[in-house]
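Residue numbering for the sequence shown follows our numbering, starting at 2 and increasing by one per position.
Read through the structure below, which is laid out as structure tokens, and then see the notes.
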Amino acid sequence: MLHRALIGLLVGLTAAGLLCFAGCTSSGGSGSGGAGGFHLPRPVLRASTAHVPTLSGPATTDDNARVEILAINPTDAPLWLRRLSVTLRHGERILAAGDWQGDRQIDPGTSVLLDISLPLVEGAQPPQPPADGMLTVESRYARSGLIGLMGGESHTYTLPVRLTTGP
Numbered sequence: 002m003l004h005r006a007l008i009g010l011l012v013g014l015t016a017a018g019l020l021c022f023a024g025c026t027s028s029g030g031s032g033s034g035g036a037g038g039f040h041l042p043r044p045v046l047r048a049s050t051a052h053v054p055t056l057s058g059p060a061t062t063d064d065n066a067r068v069e070i071l072a073i074n075p076t077d078a079p080l081w082l083r084r085l086s087v088t089l090r091h092g093e094r095i096l097a098a099g100d101w102q103g104d105r106q107i108d109p110g111t112s113v114l115l116d117i118s119l120p121l122v123e124g125a126q127p128p129q130p131p132a133d134g135m136l137t138v139e140s141r142y143a144r145s146g147l148i149g150l151m152g153g154e155s156h157t158y159t160l161p162v163r164l165t166t167g168p
């Protein structure tokens, strides 16, 4: 009897969009994470450009790349975007890396634009524009539910970006 109740609860949560089975996908970039078992629906992340400053010498602690990431909530309940670990690459070279810890709520069917500053790595050499780059974004998120925030999960996205340089 308890077994049937548990199955009924899982089916109900899945139908209500509170749980996804493995294989649920997000649009906007490729990703990994959440394989096997259940996972919460996740935000969609998109990025278009990343700006890397022109350097006159070695990178200092004041030299930061800037990226804009659009976080979209395609679900029917609020999502909490807790943390993003972002790495900006050009080819195999890492140009910048850092964490965003904004703890932002994204309401159902809406989006937020995140302006993220990433410290340049030591020895970073900005490419000649125009150039293509890649963002690797590991996200940490949770979903608001009937009993508060439901769990916390991570998902890794790979997002193509256009690199720009300048002051």
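The C-beta atom is built at its ideal place from N, Cα and C for all residues, glycine as well.
Query, Result
"Under the three-state DSSP convention, the category Asp63 falls into", "coil"
"Span of the beta strand (DSSP E), counted from its first residue to its last, around Pro54", "45 to 54"
"Cβ pair Leu96, Pro127 closer than 8 angstroms", "yes"
"Pair within 8 angstroms by beta-carbon distance, Ala66 and Ala48", "no"
"Continuous beta strand (DSSP E) stretch holding Asp116: start and end", "112 to 120"
"Span separating the alpha-carbon of Gly30 from that of Ser140", "The predicted position of Gly30 is uncertain, since its pLDDT is 44 and thus under 50; no value can be drawn from it."
"Cβ-based neighbour list, Arg90, same chain, cut-off 8 angstroms, excluding 5 preceding and 5 following", "Leu96, Gly134, Met135, Leu136, Thr137"
"Contact the segment 71 to 80 vs the segment 99 to 111: 3+ CB pairs below 8 angstroms", "yes"
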